[in-house]
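First to last, the sequence lines map onto chains V and A.
Just so you know, we're using our numbering here: the first sequence kicks off at 2 and counts up by one.
Just so you know, we're using our numbering here: the second sequence kicks off at 21 and counts up by one.
Taking it in order: structure first as structure tokens, then the write-up.
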Amino acid sequence: MLQTLSEIAGLQRVNDFVVTFANVNGSGSASANALFGKSILRMGVPVAPRNIFPSNIQGLPTWYEVRVSEAGHLGARGGVDLMVAMNPQTWDQDISAIEPGGYLFYDSTKPLPATKFRDDIVVLGMPLTELCNRAYGDPRERQLLKNIIYVGALVALLAIDPAITETLLAEQFRGKDKLIAPNIAALRMGWEYARAQLPCPIGLRVRPAAAVGDRIAIDGNAAAALGALYGGATVAAWYPITPSSSLAEAFMRYCHRFRIDQATGRHRFAVVQAEDELASIGMVIGAAWNGARAFTATSGPGISLMQEFLGLAYFAEIPAVIFDVQRAGPSTGMPTRTQQCDILACAYASHGDTKHVLLFPEDPHECFTMAALAFDLADRLQTPIFVMLDLDIGMNERLCQPFAWDDTKRMDRGKVMTAADLDAGKEFGRYLDVDGDGIPYRTYPGTHPTRGAFFTRGTSKDRYARYTEDGAAYADNMLRLLRKHATARHLLPRPIARPAPAPARFGAIYFGSTSPAMDEAVLLLAARALPLDLLRLRGFPFHDDVARFIADHQQVFVVEQNRDGQLRTLLINELEIDPAKLIRVVHFDGTPITARFIATAIAATLAPATLPEEAP
Amino acid sequence: MTFLPKPKLSHPGLARNALGYTRRDYEGAISTLCAGCGHDSISAAIVRACFALDLPPHRIAKLSGIGCSSKTPTYFLGASHGFNSVHGRMPSVLTGANLANRSLIYLGVSGDGDSASIGIGQFAHAIRRGVNMVYIVENNGVYGLTKGQFSATADRGAKSKRGVINTDESIDLVGIALQLGATFVARSFSGDKAQLVPLIEAAIKHEGAAFIDCISPCVAFNNHEGSTKSYDFVREHNEVVNRLDVIESRPEITVDYAPGAVEMVQQHDGTWLRLRKLADDYDLHDRVAAMDHMQRHHAAGEIVTGLLYVDPEPRDLHQHLNTVETPLNALDDAALVPGAAALEKLNAALR
Numbered sequence: 002m003l004q005t006l007s008e009i010a011g012l013q014r015v016n017d018f019v020v021t022f023a024n025v026n027g028s029g030s031a032s033a034n035a036l037f038g039k040s041i042l043r044m045g046v047p048v049a050p051r052n053i054f055p056s057n058i059q060g061l062p063t064w065y066e067v068r069v070s071e072a073g074h075l076g077a078r079g080g081v082d083l084m085v086a087m088n089p090q091t092w093d094q095d096i097s098a099i100e101p102g103g104y105l106f107y108d109s110t111k112p113l114p115a116t117k118f119r120d121d122i123v124v125l126g127m128p129l130t131e132l133c134n135r136a137y138g139d140p141r142e143r144q145l146l147k148n149i150i151y152v153g154a155l156v157a158l159l160a161i162d163p164a165i166t167e168t169l170l171a172e173q174f175r176g177k178d179k180l181i182a183p184n185i186a187a188l189r190m191g192w193e194y195a196r197a198q199l200p201c202p203i204g205l206r207v208r209p210a211a212a213v214g215d216r217i218a219i220d221g222n223a224a225a226a227l228g229a230l231y232g233g234a235t236v237a238a239w240y241p242i243t244p245s246s247s248l249a250e251a252f253m254r255y256c257h258r259f260r261i262d263q264a265t266g267r268h269r270f271a272v273v274q275a276e277d278e279l280a281s282i283g284m285v286i287g288a289a290w291n292g293a294r295a296f297t298a299t300s301g302p303g304i305s306l307m308q309e310f311l312g313l314a315y316f317a318e319i320p321a322v323i324f325d326v327q328r329a330g331p332s333t334g335m336p337t338r339t340q341q342c343d344i345l346a347c348a349y350a351s352h353g354d355t356k357h358v359l360l361f362p363e364d365p366h367e368c369f370t371m372a373a374l375a376f377d378l379a380d381r382l383q384t385p386i387f388v389m390l391d392l393d394i395g396m397n398e399r400l401c402q403p404f405a406w407d408d409t410k411r412m413d414r415g416k417v418m419t420a421a422d423l424d425a426g427k428e429f430g431r432y433l434d435v436d437g438d439g440i441p442y443r444t445y446p447g448t449h450p451t452r453g454a455f456f457t458r459g460t461s462k463d464r465y466a467r468y469t470e471d472g473a474a475y476a477d478n479m480l481r482l483l484r485k486h487a488t489a490r491h492l493l494p495r496p497i498a499r500p501a502p503a504p505a506r507f508g509a510i511y512f513g514s515t516s517p518a519m520d521e522a523v524l525l526l527a528a529r530a531l532p533l534d535l536l537r538l539r540g541f542p543f544h545d546d547v548a549r550f551i552a553d554h555q556q557v558f559v560v561e562q563n564r565d566g567q568l569r570t571l572l573i574n575e576l577e578i579d580p581a582k583l584i585r586v587v588h589f590d591g592t593p594i595t596a597r598f599i600a601t602a603i604a605a606t607l608a609p610a611t612l613p614e615e616a617p
Numbered sequence: 021m022t023f024l025p026k027p028k029l030s031h032p033g034l035a036r037n038a039l040g041y042t043r044r045d046y047e048g049a050i051s052t053l054c055a056g057c058g059h060d061s062i063s064a065a066i067v068r069a070c071f072a073l074d075l076p077p078h079r080i081a082k083l084s085g086i087g088c089s090s091k092t093p094t095y096f097l098g099a100s101h102g103f104n105s106v107h108g109r110m111p112s113v114l115t116g117a118n119l120a121n122r123s124l125i126y127l128g129v130s131g132d133g134d135s136a137s138i139g140i141g142q143f144a145h146a147i148r149r150g151v152n153m154v155y156i157v158e159n160n161g162v163y164g165l166t167k168g169q170f171s172a173t174a175d176r177g178a179k180s181k182r183g184v185i186n187t188d189e190s191i192d193l194v195g196i197a198l199q200l201g202a203t204f205v206a207r208s209f210s211g212d213k214a215q216l217v218p219l220i221e222a223a224i225k226h227e228g229a230a231f232i233d234c235i236s237p238c239v240a241f242n243n244h245e246g247s248t249k250s251y252d253f254v255r256e257h258n259e260v261v262n263r264l265d266v267i268e269s270r271p272e273i274t275v276d277y278a279p280g281a282v283e284m285v286q287q288h289d290g291t292w293l294r295l296r297k298l299a300d301d302y303d304l305h306d307r308v309a310a311m312d313h314m315q316r317h318h319a320a321g322e323i324v325t326g327l328l329y330v331d332p333e334p335r336d337l338h339q340h341l342n343t344v345e346t347p348l349n350a351l352d353d354a355a356l357v358p359g360a361a362a363l364e365k366l367n368a369a370l371r
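Have a look at this one:
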């Protein structure tokens, strides 16, 4: 029986490999797998964990992929160097995913026929079930501690410092101290077994490094929630939908920590779980109309349901912040898989002529800064602001720069007339463009006994908010809204250019969660002498830099995670670019885009004869 | 149609309330509804109620959905902020507005299409959350702006102006409001100002979800023979359970009434409701009995009106959410933003 090492010389890699855990969901593996990733991080080696899970609570396959990369590549890589195969349902698929020379770690309690293995991989068997059954009587304990036992074995196999993992366990169970000792015991059981019975360490190894720096690891949804807290949001209305629910839940958690009035125990926030997405956005609009900072978090189907209200908010000019954590559509699509597929649905949301403001965070750090910024922008521009996350950054812990805050910064509440302004005789016309930037002044309800009241409506009105069906007044208002949209261009975060060392004829435009894969792809292409200038977009409407970048290059690849090249369409439509100039590079199977994919696609165009080598 | 401002002329002898305002100060633009529309009577009743209660007009926010009824907020309280939202979605907008600033009075105006058809979900959920508001449905059983289609409150068997018989069961918003925990429930008739004005006053004073279903005949499309929402039909079938007065401080009960015929109810804000009972067996503090009473009389083809249920000690959404007394829209950076030091601690925990 295949028990330990076959004749294969396994892959030899230090601080640069991919470990994938194949589990059954609901088995408690997630926290054990996270413990594994964090142990490597604490050794100073960057990791990028990704949870690949089904739309299900218990019993279906789930994978947890940990990319270890001292070089700092945080995008999905593709391929598996070490498979921890804990799910018999997906055995064949999991075995076939292993790179030649890679490693398989499995539960060898029940003998498997040789045909269930491959002869070009290194097989590491450990009788996990048997060990658990011998050590524990309680079935739940067997299940949970089995996960810790295999982590212990991996710690030994990969030469991770076990003291670090033990420290992490103690941190994890702080406050539930009774659980610390049994978990550490299970970890040691796995570690000792592997040290005694398996060839430790294997060819994949973790070596202490100093490549993490002061970076933090957090998921984008939590980071965005924290940004909403710092952005001064007081009202949140939401309807549960994967993959955005954890954003609203994180906001509640942070509010309970930071927004309780010490003297009274009362809340400086209001969160309502609405009956549907229509009600969520309605509440946000009502609250923002009344001067509170308000947001909702949703995903594509929720955006569809909010369409009518989004048109109202655009036309009646009411601030609103919408976090769209994108997932694969249409309809229910693949609700637990990632895409960047709501770009057009958000940019042009609703009936009639509308154009909305979008922000594209690349990682949790930007989820935080852009979330906070979104509330200033919404108030300043008096319009909905969409923060476009996706499942890949929303629900996975990503290593990123630490959060920072300037304590001298104050909320920008935009153009709001106060009772004093009105008493001073300032002219108030709700839709009057006083400053020439297309942005009018507003008043909050209840401001002044006799001045500044107006009627908000979705129907056409004149500059003083009086109902009218006069075509000239309608057109005047619609053109002012366009001017306001143009103003927005210069208030959004500028695109970030990453020029090639020497001037390149070709460029690539990308955004959001594609960022780490693009960073790595450009290195792969450079190694093949295919230089590329990069421009990472961070918002819509597009900054003037974008049109210049496109004009400066012979052709520009637009790299995105949807079928139709939605950002490319938006570029063509808004900047009147010749479509032939923009080459679509689209990845849309629901998995995160990889450097290998991007490099292969771009090289196929630039140098069809010399495709780049696979990443090491 | 465009905006018709009402000329601001008032007779010097016009009565003024405690704030020095006349009734004219509570009016809005000239109505563009059909002459004789029940909705205009409701607008007038709102004006009278706000005047009588000495409310500063700018401390009221008026919100509506879409439809004839939802147009009316333009026609009253011209010094208040108003919000004509989208069809059937006033309740969510009002809920959000209320969360942002608990110190204003929220008046939601809707219609039967707006609340019982397209917006029944939002109606139901705003009621069950206990949003502190006055929610008036101007109920005529018909879509006026789109010219006479039945709404969901049209009675089964009712005949449309074009002669079509409604075969769908009607939705009774009063029954739903009672079931979902509204703490003030009334039904009235736009043709009975003496009943409607004090009900609106009491609803405004009520610090919880107050619902008034006001039958308001549509003179253009639903005031004919065979309609169950016409002026004549409602007058003939109106079963009034009580008559209400709202009194700021407790008055002496005069000897004019028979013992047991008058009930005094003190609301949370201190105002008293004086009810002259017209139906002996009716207990307006018994939610279940109220529902039973409505159902029985509805089955008999009668329209029960009056104050149908009141909980003098209501709880509202802000109490449920335990929010601070200061309106959320008035909290500043210091109250909301934890600052750089707190963020440093968070960073440390994420390494």
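For each residue, glycine too, the CB sits at the ideal point set by N, CA and C.
Bear in mind the structure is a predicted one, so any value in this text is a computation, not a measurement.
Closer than 9 Å at the beta carbon, the chain A residues around residue 459 of chain V: The residue you call residue 459 of chain V lines up with position 458 of the first sequence. Within chain A, the residues whose beta carbon sits less than 9 Å from that of residue 459 of chain V are 86, 104, 105, 106, listed in sequence order.
Sequence ranges, beta strand (DSSP E) only - wholly within the segment 45-110 of chain A, length at least 3: With a minimum length of 3 residues, the continuous beta strand (DSSP E) runs that stay inside the segment 45-110 of chain A are 80-84, 101-104.
Three-way DSSP call (helix, strand, coil) for residue 238 of chain A in this model: Looking up residue 238 of chain A in the second sequence gives position 218. Residue state for residue 238 of chain A is assigned as coil, using DSSP reduced to three classes.
Outcome for residue 544 of chain V when other beta-carbon atoms lying within 10 angstroms are tallied against a minimum of 16: Against the first sequence, residue 544 of chain V aligns to sequence position 543. So residue 544 of chain V ends up on the buried side.
Nonlocal neighbours in the same chain, by C-beta distance under 6 Å from residue 66 of chain V, ignoring five residues either side: Counting from 1 along the first sequence, the entry for residue 66 of chain V is found at position 65. Same-chain partners within the cutoff: 21, 51.
Rounded distance between the beta-carbons of residue 254 of chain V and residue 262 of chain V, thought under 8 Å: Walking along the first sequence from the start, residue 262 of chain V turns up at place 261. Walking along the first sequence from the start, residue 254 of chain V turns up at place 253. About 17 Å; that fails the 8 Å criterion.
Residues sharing a beta bridge with residue 641 of chain V, DSSP: No statement about residue 641 of chain V is possible, as the shown extent of chain V runs from 2 to 617 and does not include it.
Expected contact under 8 Å - CB spacing of residue 465 of chain V and residue 414 of chain V to nearest Å: Along the first sequence, one-based indexing puts residue 465 of chain V at 464. Along the first sequence, one-based indexing puts residue 414 of chain V at 413. 22 Å between Cβ atoms; not a contact.
With 16 other Cβ atoms within 10 Å as the buried cut-off, status of residue 372 of chain V: Within the first sequence, the letter at position 371 stands for residue 372 of chain V. Residue 372 of chain V is buried by the Cβ-count criterion.
For residue 599 of chain V and residue 521 of chain V, the rounded distance between their alpha carbons: By one-based count along the first sequence, residue 521 of chain V stands at place 520. By one-based count along the first sequence, residue 599 of chain V stands at place 598. Linking residue 521 of chain V to residue 599 of chain V through their CA atoms gives a straight-line distance of about 9 Å.
Cβ neighbour criterion (16 or more within 10 Å) applied to residue 299 of chain V: As a first step, residue 299 of chain V must be located in the first sequence, where it is residue number 298. So residue 299 of chain V counts as buried.
Rounded C-alpha distance that separates residue 199 of chain A from residue 140 of chain A: Counting from 1 along the second sequence, the entry for residue 199 of chain A is found at position 179. Counting from 1 along the second sequence, the entry for residue 140 of chain A is found at position 120. If you take the alpha carbons of residue 199 of chain A and residue 140 of chain A, they lie about 14 Å apart.
Where residue 165 of chain A falls, given that 16 or more other Cβ within 10 Å makes a residue buried: Taking the first residue of the second sequence as position 1, residue 165 of chain A is located at position 145. Exposed: under 16 other Cβ atoms inside 10 Å.
Neighbouring residues, chain V, relative to residue 367 of chain A (Cβ below 7 Å): In the second sequence, counting from the first residue as 1, residue 367 of chain A sits at position 347. Result: 217, 403, 404.
Test: residue 135 of chain A CB closer than 8 Å to a CB of chain V: Translated into the one-based positions of the second sequence, residue 135 of chain A becomes position 115. Interface with chain V (8 Å Cβ-Cβ cutoff): residue 135 of chain A is excluded.
Inter-residue Cα distance where the pair is residue 49 of chain V and residue 400 of chain V: Along the first sequence, read from residue 1 onward, the residue named residue 49 of chain V stands at position 48. Along the first sequence, read from residue 1 onward, the residue named residue 400 of chain V stands at position 399. Annotation: residue 49 of chain V to residue 400 of chain V spans about 7 Å, alpha carbon to alpha carbon.
Alpha carbon of residue 362 of chain V to alpha carbon of residue 539 of chain V, nearest angstrom: Position 361 of the first sequence, counting from 1, holds the residue named residue 362 of chain V. Position 538 of the first sequence, counting from 1, holds the residue named residue 539 of chain V. Residue 362 of chain V and residue 539 of chain V have their C-alpha atoms some 7 Å from each other.
Proximity below 8 Å, CB of residue 339 of chain V to CB of residue 567 of chain V: Counting from one through the first sequence, the residue named residue 339 of chain V turns up at place 338. Counting from one through the first sequence, the residue named residue 567 of chain V turns up at place 566. Cβ distance not < 8 Å, so residue 339 of chain V and residue 567 of chain V don't count as in contact.
8 Å Cβ cutoff, residue 151 of chain A in contact with chain V: Residue mapping note: residue 151 of chain A aligns to position 131 of the second sequence, counting from 1. Chain V has no Cβ within less than 8 Å of the Cβ of residue 151 of chain A.
Contact with chain A by residue 350 of chain V, beta-carbon distance below 8 Å: As a position in the first sequence, residue 350 of chain V is number 349, starting the count at 1. So no, residue 350 of chain V is outside the interface.
For residue 23 of chain V, three-class secondary structure by DSSP: Position 22 of the first sequence, counting from 1, holds the residue named residue 23 of chain V. DSSP places residue 23 of chain V in strand when its eight states are reduced to three.
Residue 370 of chain A versus residue 214 of chain V - alpha carbon distance: Walking along the second sequence from the start, residue 370 of chain A turns up at place 350. Walking along the first sequence from the start, residue 214 of chain V turns up at place 213. Roughly 13 Å between the two C-alpha positions.
Chain-ordered neighbours of residue 37 of chain A on chain V, where CB pairs are closer than 8 Å: The residue you call residue 37 of chain A lines up with position 17 of the second sequence. What residue 37 of chain A touches in chain V: nothing, since even the nearest Cβ is about 14 Å away.
Secondary structure of residue 87 of chain V, DSSP reduced to three states: Here residue 87 of chain V refers to the residue found at position 86 when the first sequence is read from its first residue. It is coil, neither helix nor strand.
Proximal chain V residues relative to residue 30 of chain A, where beta-carbon distance stays under 8 Å: As a first step, residue 30 of chain A is located in the second sequence; it is residue number 10 there, counting from the start. Listed by position along chain V, the residues whose Cβ is nearer than 8 Å to that of residue 30 of chain A form an empty set, because the closest Cβ is around 14 Å away.
Residue 412 of chain V in three-state terms, based on DSSP: Counting from one through the first sequence, the residue named residue 412 of chain V turns up at place 411. In the structure shown, residue 412 of chain V sits in coil (DSSP, three-state: anything other than H, G, I, E or B).
Every unbroken alpha helix (DSSP H) within the segment 289-324 of chain A, with a cutoff of 4 residues, ordered by chain: 307-319, all fully within the segment 289-324 of chain A.
Chain A residues whose Cβ lies nearer than 8 Å to that of residue 586 of chain V: Along the first sequence, one-based indexing puts residue 586 of chain V at 585. For residue 586 of chain V, there are no C-beta contacts with chain A under 8 Å, since the nearest C-beta of that chain is about 33 Å from it.
Proximity test, Cβ basis, 8 Å: residue 268 of chain V and chain A: Position 267 of the first sequence, counted from the start, is the residue given in the question as residue 268 of chain V. At least one CB of chain A lies nearer than 8 Å to the CB of residue 268 of chain V.
Straight-line gap, residue 288 of chain A to residue 72 of chain A (C-alpha atoms, nearest Å): Mapped onto the second sequence, residue 288 of chain A falls at position 268. Mapped onto the second sequence, residue 72 of chain A falls at position 52. Distance from the CA of residue 288 of chain A to the CA of residue 72 of chain A, rounded to the nearest whole angstrom, comes to 19 Å.
Check whether residue 59 of chain A and residue 92 of chain A have beta carbons under 8 Å apart: In the second sequence, residue 59 of chain A corresponds to position 39, counting from 1. In the second sequence, residue 92 of chain A corresponds to position 72, counting from 1. Result yes, Cβ atoms of residue 59 of chain A and residue 92 of chain A sit closer than 8 Å.
Of the listed residues A:25, A:310, A:38, A:42, nearest to residue 32 of chain A (C-alpha basis): Working through the second sequence from its first residue, we reach residue 32 of chain A at position 12. Per the Cα distances, A:42.
Any C-beta of chain V under 8 Å from that of residue 43 of chain A: Stepping through the second sequence from its first residue, residue 43 of chain A is reached at position 23. No, no contact with chain V.
Alpha-carbon spacing of residue 244 of chain A relative to residue 250 of chain A, whole angstroms: Counting from one through the second sequence, the residue named residue 244 of chain A turns up at place 224. Counting from one through the second sequence, the residue named residue 250 of chain A turns up at place 230. Spanning the two alpha carbons is a distance of roughly 6 Å.
CB contact check: residue 168 of chain V to chain A, cutoff 8 Å: For the purposes of this step, residue 168 of chain V is taken as residue 167 along the first sequence, with counting starting at 1. No, its Cβ sits nowhere closer than 8 Å to a Cβ of chain A.
Spatially closest choice to residue 194 of chain V from V:164, V:125, V:236, V:242, by CA coordinates: Residue 194 of chain V sits at position 193 when you count from the first residue of the first sequence. Selected option, being the one with the closest Cα: V:125.
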